[in-house]
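Here the protein sequences line up with chains A and B, keeping their order.
Residue numbering for the first sequence follows this note's numbering, beginning at 425 and increasing consecutively.
Residue numbering for the second sequence follows this note's numbering, beginning at 425 and increasing consecutively.
Number of protein chains: 2
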Amino acid sequence: MGGDFGPRNIVQASVACLSAKPSLHLTLVGQPSLLEELIAGYPAVDRARLTVFPASEAITMDERPSQALRGKPDSSMRVALQLLHDDRVQAVVSAGNTGALMALSRHVLKTLPGIDRPAMVAAIPTQRGYCQLLDLGANVDCTAEHLFQFAVMGSVAAEALGVMRPRVALLNVGTEDIKGNQQVKLAAGLLQQARGLNYIGFIEGDGLYRGEADVVVCDGFVGNILLKSSEGLATMIAARVEALFRHNLASRLVGALALPLLSRLRADLAPARHNGASFLGLQGIVVKSHGSAGVQGLQSAIQRALIEIRENLPERLHGRLEDLLL
Amino acid sequence: MGGDFGPRNIVQASVACLSAKPSLHLTLVGQPSLLEELIAGYPAVDRARLTVFPASEAITMDERPSQALRGKPDSSMRVALQLLHDDRVQAVVSAGNTGALMALSRHVLKTLPGIDRPAMVAAIPTQRGYCQLLDLGANVDCTAEHLFQFAVMGSVAAEALGVMRPRVALLNVGTEDIKGNQQVKLAAGLLQQARGLNYIGFIEGDGLYRGEADVVVCDGFVGNILLKSSEGLATMIAARVEALFRHNLASRLVGALALPLLSRLRADLAPARHNGASFLGLQGIVVKSHGSAGVQGLQSAIQRALIEIRENLPERLHGRLEDLLL
Numbered sequence: 425m426g427g428d429f430g431p432r433n434i435v436q437a438s439v440a441c442l443s444a445k446p447s448l449h450l451t452l453v454g455q456p457s458l459l460e461e462l463i464a465g466y467p468a469v470d471r472a473r474l475t476v477f478p479a480s481e482a483i484t485m486d487e488r489p490s491q492a493l494r495g496k497p498d499s500s501m502r503v504a505l506q507l508l509h510d511d512r513v514q515a516v517v518s519a520g521n522t523g524a525l526m527a528l529s530r531h532v533l534k535t536l537p538g539i540d541r542p543a544m545v546a547a548i549p550t551q552r553g554y555c556q557l558l559d560l561g562a563n564v565d566c567t568a569e570h571l572f573q574f575a576v577m578g579s580v581a582a583e584a585l586g587v588m589r590p591r592v593a594l595l596n597v598g599t600e601d602i603k604g605n606q607q608v609k610l611a612a613g614l615l616q617q618a619r620g621l622n623y624i625g626f627i628e629g630d631g632l633y634r635g636e637a638d639v640v641v642c643d644g645f646v647g648n649i650l651l652k653s654s655e656g657l658a659t660m661i662a663a664r665v666e667a668l669f670r671h672n673l674a675s676r677l678v679g680a681l682a683l684p685l686l687s688r689l690r691a692d693l694a695p696a697r698h699n700g701a702s703f704l705g706l707q708g709i710v711v712k713s714h715g716s717a718g719v720q721g722l723q724s725a726i727q728r729a730l731i732e733i734r735e736n737l738p739e740r741l742h743g744r745l746e747d748l749l750l
Numbered sequence: 425m426g427g428d429f430g431p432r433n434i435v436q437a438s439v440a441c442l443s444a445k446p447s448l449h450l451t452l453v454g455q456p457s458l459l460e461e462l463i464a465g466y467p468a469v470d471r472a473r474l475t476v477f478p479a480s481e482a483i484t485m486d487e488r489p490s491q492a493l494r495g496k497p498d499s500s501m502r503v504a505l506q507l508l509h510d511d512r513v514q515a516v517v518s519a520g521n522t523g524a525l526m527a528l529s530r531h532v533l534k535t536l537p538g539i540d541r542p543a544m545v546a547a548i549p550t551q552r553g554y555c556q557l558l559d560l561g562a563n564v565d566c567t568a569e570h571l572f573q574f575a576v577m578g579s580v581a582a583e584a585l586g587v588m589r590p591r592v593a594l595l596n597v598g599t600e601d602i603k604g605n606q607q608v609k610l611a612a613g614l615l616q617q618a619r620g621l622n623y624i625g626f627i628e629g630d631g632l633y634r635g636e637a638d639v640v641v642c643d644g645f646v647g648n649i650l651l652k653s654s655e656g657l658a659t660m661i662a663a664r665v666e667a668l669f670r671h672n673l674a675s676r677l678v679g680a681l682a683l684p685l686l687s688r689l690r691a692d693l694a695p696a697r698h699n700g701a702s703f704l705g706l707q708g709i710v711v712k713s714h715g716s717a718g719v720q721g722l723q724s725a726i727q728r729a730l731i732e733i734r735e736n737l738p739e740r741l742h743g744r745l746e747d748l749l750l
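In C-alpha cells form, the structure reads like this:
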C-alpha cells in the first residue's frame, strides 16, 4: 500500500517480475478489493504465483515510527513482516515509510545476535562499478561499535552480491589517522584488529565516487545527507544539461541528438531511486524501495530481495558475526 | 607558496587579476628568488602594484596544523597573516594546507568576540543560483551553539554577497521537528528564537541542490563529506558523459558537437574547486582556494576576497554578532 504512488506501481512491477522469473511467487499485502481491481488490469498474469493477503490498515508516509508501532496492528507493513516472521514468505519489499518499516522490522523480526541496530544499505554507482554505502539514515547517532557492526554487515552483503574480499572503508574528512571525530577514530581501531575483514582505512567523499572501496561505512546522519545530496546534484546536472541544449538553435540541434544518450545515463545515476536499499542485521530479509520509485525501481528492489534469498544473507551474516563479534 | 601546483599558478592568476582590476594591489609572500623568476615571465605587469614579501619557509600540504603553528615561524602563510594583522594588507588568499591555514589564522588574527570557532564557507551551485554552505571541515565536532554561530555568520556573508534576507536552513535527515541528532534539534531551538535571522527550518540534501535556502548550516564533518562527494559525483558524471559519447561512431559524432557545451557546464559545477572558500569569524579576511585550483579558481578566490573587503565583512559580522549573541 506504500510509496508516493500507492499500489498501482507495485502491482505493475509485480506482474513484470512474475513474467521475468518463472520461479517467483509474490504475495501482495493490503486492501484486497483495491489490489484485486488493479490486478484485474493484467488478465495474463499467473494467479497461481500472485496471492493477495488482506490487511485493513496502511501506514502513511508521514506517520511517526512510534505511531506505526502502537497504533495500527493490522497495517499492511506489519502484516507482511509477520508473514516473514512466520516463514510464510522469504522476504519483504516495501516502498512505504522508511522509519516505520525499520521500527516494525525490529519489533517483529528482531535483530541478529551481536547487532544493536540494523542498518540501511544501498548500492551507489561509482567510477568503477558500485559500492555498498551504509548506514543511510536508520541510525543518526552511532558509536564506534555500531560503525564496526555496519562494516561487518556491509562486507558480508558485498560478498553476497559477488565481490571477492570487499574493500571496506570508513567515510571521513581526510585519510590521515588524525582526521575525523572520536567515533570514526575509535571505529578505525576496532576495524584494524578485525580478522577476516579487508579494511582499507579512511575514505573521503570523492574517493567513494572514484570507486576506491566496495563498502563505505558512516553514521546514518552522514549517509542520508550524502545520498540525498547526490540525488539532488544528479538531478540538477541533468536539468542543466537539458537547459544547455535548449539554449539556442545550434545547441538545440545537438541536444535533440544527445538527450536520449543522457537520459540513459540519468537512470544509471539515481542511486537509491533506482536500486532497493536493504535493511541489514535483522532476522529476515527486508528491502526498502524508494518512496518515489517508478516501476523499474520496484523491480530492482524485488531483484535485490531475490539475491539476498539465494545467498541466504541473514544466515551468512549470523555466521560471520559469530566469528567476529562473539 | 601553497597549492598542489606551487606558486606558478598563483603568479599567473595574480597577473591576470592585476590587469583586470586597476585598483588592485597584490603582495606575494614566499621565496623571493623563485617568485621574481616567475614574475619575470610577465614583463608587462605593473610592478608598482605587485610586491614580493620574503618568507623563508613554506608549509607543506600534509603538515599537521600543530607543526605549522610551532615549527615554522617564517612560513609564507604565517608571514602573510601577520601582514594582515598589522594592517599592511586587507585580506589573505592561500591555496595551501587548509588545517594549517585555519590554525595559523586563529592564532595570528584571533576570532571575533562571541565566536568560539571560525567556520569555512563556500558558494555551492544550486538549481536557483548559489547557496552558502558551512562549515566545510574546520570543525568536525560541533555543539548547537556552534551551529547557531555558523548560521549567523553565513547569513551575514550571504547578505554581503547581495542576497536580501537570506533564507537560513539547518541540514538534516528530514524536515520534521523530530528528525535529526541532538545538536541539530537544539540548534533549531536557538535559531527559532533569533531576531533578525530568516531561519526557515531543516533542509535535506536534495533540498540544498533545489535551491531551497541561501545559507545551509551543518558541522564540518558533514559539510566536508557533502562537498567532496559532490565534487566526486560531478567528476564521475562528466567522465560517464564523455565515455557515453565515445562509445560508438554515431554517438561520437553527437559527442563532438555536445562535449564543448558539457565542458562549460562542468566548470560551473565544481563547487569549491571553482570558488574560493572563506574563513568566517576571524578578525580579518582569509580566503582559501582549493589546493588543486587552476588559475581561474585562484582568480575567483581573489575576487571573493575583494568582495569581502568592499563589504567590510568582518566588521559587519562583528556588529551583527553583538546584536544577536552578546
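Ideal Cβ placement from N, Cα and C applies to all residues, glycine included.
Since this is a predicted model, take the numbers as computed values, not measurements.
- DSSP assignment within the segment 448 to 514 of chain B yields the following whole beta strand (DSSP E) runs of 3 residues or more, N-terminal first: 450 to 454, 474 to 478.
- Annotation: L528 of chain A to R494 of chain A spans about 10 Å, alpha carbon to alpha carbon.
- Exposure of D428 of chain A is indicated by the presence of fewer than 16 other C-beta atoms within 10 angstroms of its C-beta.
- For K712 of chain B, the enclosing beta strand (DSSP E) stretches over residues 709 to 712.
- DSSP links Q556 of chain A through a beta bridge to A:A547, A:V639.
- Nearest CB-CB separation between K652 of chain A and chain B: below the 8 Å threshold.
- Interface residue (Cβ-Cβ distance to chain A less than 8 Å): F645 of chain B is classified as such.
- Across the set B:G538, B:A547, B:L741, the C-alpha of B:A547 shows the shortest separation from the C-alpha of S713 of chain B.
- Under the 8 Å Cβ criterion, the segment 617 to 628 of chain B counts as touching the segment 580 to 596 of chain B, having at least three qualifying pairs.
- Within the segment 534 to 564 of chain A, contact with chain B at the beta-carbon level (separation under 9 Å) is assigned to P549, T550, Q551, G561, V564.
- Burial is judged here by how many other beta carbons sit within 10 angstroms of a residue's own beta carbon; S480 of chain A has fewer than 16 and is exposed.
- Taking Y633 of chain B as the centre and dropping the five residues before and after it, the same chain places the C-beta of T550 closer than 6 Å to its C-beta, in chain order.
- E655 of chain A belongs to the set of residues whose beta carbon lies under 8 Å from a beta carbon in chain B.
- Its chain contains D638 as the residues whose beta carbon lies nearer than 6 Å to that of V587 of chain B, once the 5 sequence neighbours on both sides are disregarded; these appear in chain order.
- Taking a contact as a CB-CB distance under 8 Å, the pair L668 of chain B and L557 of chain B does not count as one, their CB atoms being some 30 Å apart.
- In chain A, no part has a C-beta under 8 Å from the C-beta of R432 of chain B; the shortest such distance is about 24 Å.
- Under the DSSP assignment, V592 of chain A falls in the beta strand (DSSP E) whose first and last residues are 592 to 595.
- DSSP lists A:A593 as the beta-bridge partner residues of G625 of chain A.
- Counted as a single uninterrupted DSSP element, the alpha helix (DSSP H) harbouring A524 of chain B occupies residues 522 to 533.
- For L632 of chain B, the residues of chain A that pass the 8 Å Cβ criterion are S653, G656, in the order they occur in the chain.
- Residue pairing for F574 of chain B: DSSP places it in no beta bridge.
- With a 10 Å radius around the Cβ and a threshold of 16 neighbouring Cβ atoms, I602 of chain A comes out exposed.
- Considering only A:Q723, A:S716, A:I434, A:N648, the residue with the shortest C-alpha distance to V453 of chain A is A:I434.
- Using a CB distance cut-off of 8 Å, L610 of chain A does not count as an interface residue toward chain B.
- Residues of chain B whose Cβ lies closer than 9 Å to the Cβ of G604 of chain A are, in chain order, V564, F645.
- In the three-state reduction of the DSSP assignment, A581 of chain B falls in the helix class, which pools H, G and I.
- Taking the beta carbon of N648 of chain A as reference, the chain B residues within 7 Å of it are V597, listed in sequence order.
- Look at the beta carbons and you see the segment 701 to 721 of chain B touching the segment 516 to 534 of chain B: at least three pairs across the two are nearer than 8 Å.
- Excluding five sequence positions before and after V576 of chain A, the CB atoms of its chain that fall closer than 6 Å to its own CB belong to L748, given in chain order.
- Judged by DSSP secondary structure, L704 of chain A falls within the beta strand (DSSP E) whose first and last residues are 701 to 704.
- Exclusion of the five residues before and after T475 of chain A leaves T451 as the residues of its chain whose Cβ lies within less than 6 Å of its Cβ.
- Within the segment 478 to 489 of chain A, those residues whose Cβ lies closer than 8 Å to any Cβ of chain B are, in chain order, D486, R488.
- Around G629 of chain A, the beta-carbon contacts reaching into chain B at under 9 Å are N648, I649, L650, L651, K652, S653, S654, E655, G656, L657.
- The count of Cβ pairs closer than 8 Å, one atom from the segment 494 to 506 of chain B and one from the segment 731 to 747 of chain A, stays below three, leaving the stretches out of contact.
- One alpha carbon belongs to A618 of chain A, the other to A582 of chain A, and they sit about 17 Å apart.
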